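Chemist:
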Amino acid sequence: MKRAMDVLLSLAALLLLAPLLVATAMAIVLEDGTPVLFRQVRIGRGGREFGMFKFRSMVKDAAAIGAWFTSANDPRITRVGRFIRRTSIDELPQLINVLKGDMSLVGPRPDVPAQRSLYSEADWALRCSVRPGITGLAQATLRSAATEDQRRELDLQYAREHGMGLDLRILAMTLGRLAGRGAN
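In this text, residue positions in the sequence shown follow my numbering: the first is 1, and each later residue adds one.
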């Protein structure tokens, strides 16, 4: 049932948001050229690696400028990038990951491989027992105010308690945050 909901809602969102997706892609190209999408290796269900898509929000040569802990003043972020990050538009290409089955609409945010070391064996197994999501308990309740420890604990709580009712509550909270006060 969850997978059917993921596919139907993702398809509907992609169709409904198509004008916004095209406008965002055009804005990225006009400001900094192609590519429009950024692909990053993340960890999915069962510990499997996959390529997660986002709209590119940094300049093309961001790696050459240097590694930064992404912050509000990161000089690698473009003007369009600041806007799409603040509004979470940069996350919309993950609807493609949902259709492919790599992600769900709701679940723990997918970790990068280096984050594996932050978990015990048991917690990592629990974390990887569910498909990662575009939004999750940490994003719906704390958004960017969550510390890494709080995010990990909320991700594990979701993995322990996941179900259709919790997913619907998380989706409603996420949409409320986006509609009410922006993505932050």
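Every residue, glycine too, gets a C-beta built ideally from N, C-alpha and C. Computed from a predicted structure; not experimentally measured.
Beta-carbon separation of Glu31 and Thr87 under 8 Å?
Modeler: Taking the first residue of the sequence shown as 1, we reach residue 31 at position 31. Taking the first residue of the sequence shown as 1, we reach residue 87 at position 87. No. Outside cutoff.
Chemist: Within 10 Å of its beta-carbon, does Ile65 have 16 or more other beta-carbons around it, so buried, or fewer, so exposed?
Modeler: Here the question's residue 65 lines up with position 65 in the sequence shown. Exposed, since its Cβ has fewer than 16 Cβ neighbours within 10 Å.
Chemist: Apply the 10 Å Cβ neighbour rule to Val112 and answer buried if 16 or more other Cβ atoms are within range, or exposed otherwise.
Modeler: By 1-based counting over the sequence shown, the position of residue 112 is 112. With fewer than 16 Cβ atoms within 10 Å of its Cβ, Val112 is classed as exposed.
Chemist: Between the Cα of Trp103 and those of Leu166, Ala114, Val130, spot the shortest distance and give me the residue it belongs to.
Modeler: As a first step, residue 103 is located in the sequence shown; it is residue number 103 there, counting from the start. It is worth fixing the name first, because residue 103 is Met in this sequence and not Trp. When only C-alpha atoms are compared, the closest one is Val130.
Chemist: Using three-state DSSP, classify Leu142 as helix, strand or coil.
Modeler: Working through the sequence shown from its first residue, we reach residue 142 at position 142. DSSP places Leu142 in coil when its eight states are reduced to three.
Chemist: Rounding to the nearest angstrom, what Cα-Cα distance links Glu153 and Ala27 in this structure?
Modeler: As a working note, residue 153 is residue 153 in the sequence shown. As a working note, residue 27 is residue 27 in the sequence shown. Approximately 37 Å between the Cα atoms of the pair.
Chemist: Would Met58 count as contacting chain D if we go by Cβ distances under 8 Å?
Modeler: Absent from the structure is chain D; it holds one protein chain and no more.
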